[in-house]
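Working notes, structure below.
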Amino acid sequence: MNDQVKKILSDVAVKTLEDLAFIFSFPEEEGDDIPVDSSVAVSVSFSGPFSGTLVIRISNQVLPELTANMLGVEEEETTIDQKNDALKETINVICGNLLPAIAGKEALFNINTPCIISDGESEIEEDGAKTDYVARLSIDDDQCDLFLFIDGKIPSSITQEVREND
Numbered sequence: 008m009n010d011q012v013k014k015i016l017s018d019v020a021v022k023t024l025e026d027l028a029f030i031f032s033f034p035e036e037e038g039d040d041i042p043v044d045s046s047v048a049v050s051v052s053f054s055g056p057f058s059g060t061l062v063i064r065i066s067n068q069v070l071p072e073l074t075a076n077m078l079g080v081e082e083e084e085t086t087i088d089q090k091n092d093a094l095k096e097t098i099n100v101i102c103g104n105l106l107p108a109i110a111g112k113e114a115l116f117n118i119n120t121p122c123i124i125s126d127g128e129s130e131i132e133e134d135g136a137k138t139d140y141v142a143r144l145s146i147d148d149d150q151c152d153l154f155l156f157i158d159g160k161i162p163s164s165i166t167q168e169v170r171e172n173d
């Protein structure tokens, strides 16, 4: 199940980045965490058949391109607020696509407002929870890491459905 959810997380992120921002990324099996000082992170929590938090940490080098592609402007024209908003919208869309991919199209979730993680905060220490699933994406020569924290466990009825759909 662990590998299935990780693959779903990676596949959804790759497709969303491509569709939403024309960013082409590729899953990576290995790699170190992106340094906090050269990246920005955003989180969004959700509740429903299972609850948790999705966190994305993306390289500062990728963020202007993501923002410019979403807004249809030049990279140099993007502001900090626009970059933060683009990243929040990206995680919102990824989360909105991820949850039904894991739990099925009939499952209902409440997705909270995304928030930028302040410098000095670590997404790894999400309320003391361990990182349940990590997906690393390569974007050009840079990186995007996704962390999915689940409160408790994904219900067995959902894990059975994921296995049957594979």
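The number in the working numbering is simply the position in the sequence shown, starting from 1, with 7 added. A virtual CB, placed ideally from N, CA and C, is assigned to each residue, including glycine.
Compare the beta carbon distance of LYS90 and LEU70 with 8 angstroms and say whether it is the shorter of the two. Their beta carbons are under 8 angstroms apart, which means LYS90 touches LEU70 by this criterion.
Hey, ALA20 and ILE109: beta-carbon distance below 8 angstroms or not? Going by C-beta atoms, ALA20 is not nearer than 8 angstroms to ILE109.
Alpha carbon to alpha carbon, what distance is there between ASN99 and LEU153? Approximately 13 angstroms between the Cα atoms of the pair.
If THR97 and LEU73 are in contact, beta carbons under 8 angstroms, what's the gap, nearest whole angstrom? Confirmed, about 7 angstroms.
Report the residue ranges of all alpha helix (DSSP H) runs contained in full by the stretch 28-82; include only those spanning at least 4 residues, in chain order. Listed in chain order, the complete alpha helix (DSSP H) runs (minimum 4 residues) inside the stretch 28-82 are 70-78.
Do you know offhand how far ILE123's Cα is from VAL47's? Approximately 8 angstroms between the Cα atoms of the pair.
By alpha-carbon positions, which one of GLU81, ASP139, VAL43 ends up nearest to ILE160? Before going on, a small fix: residue 160 reads as Lys here, not Ile. When each option's Cα is compared against that of LYS160, the closest is ASP139.
Between the Cα of LYS14 and those of SER163, ASP149, LEU144, ILE157, spot the shortest distance and give me the residue it belongs to. With respect to the C-alpha of LYS14, the residue from SER163, ASP149, LEU144, ILE157 having the closest C-alpha is LEU144.
ASN67 and SER45: beta carbons closer than 8 angstroms? Contact flag set, yes.
Could you check what DSSP says for ALA114 in three-state terms: helix, strand or coil? ALA114 falls in the coil class under three-state DSSP.
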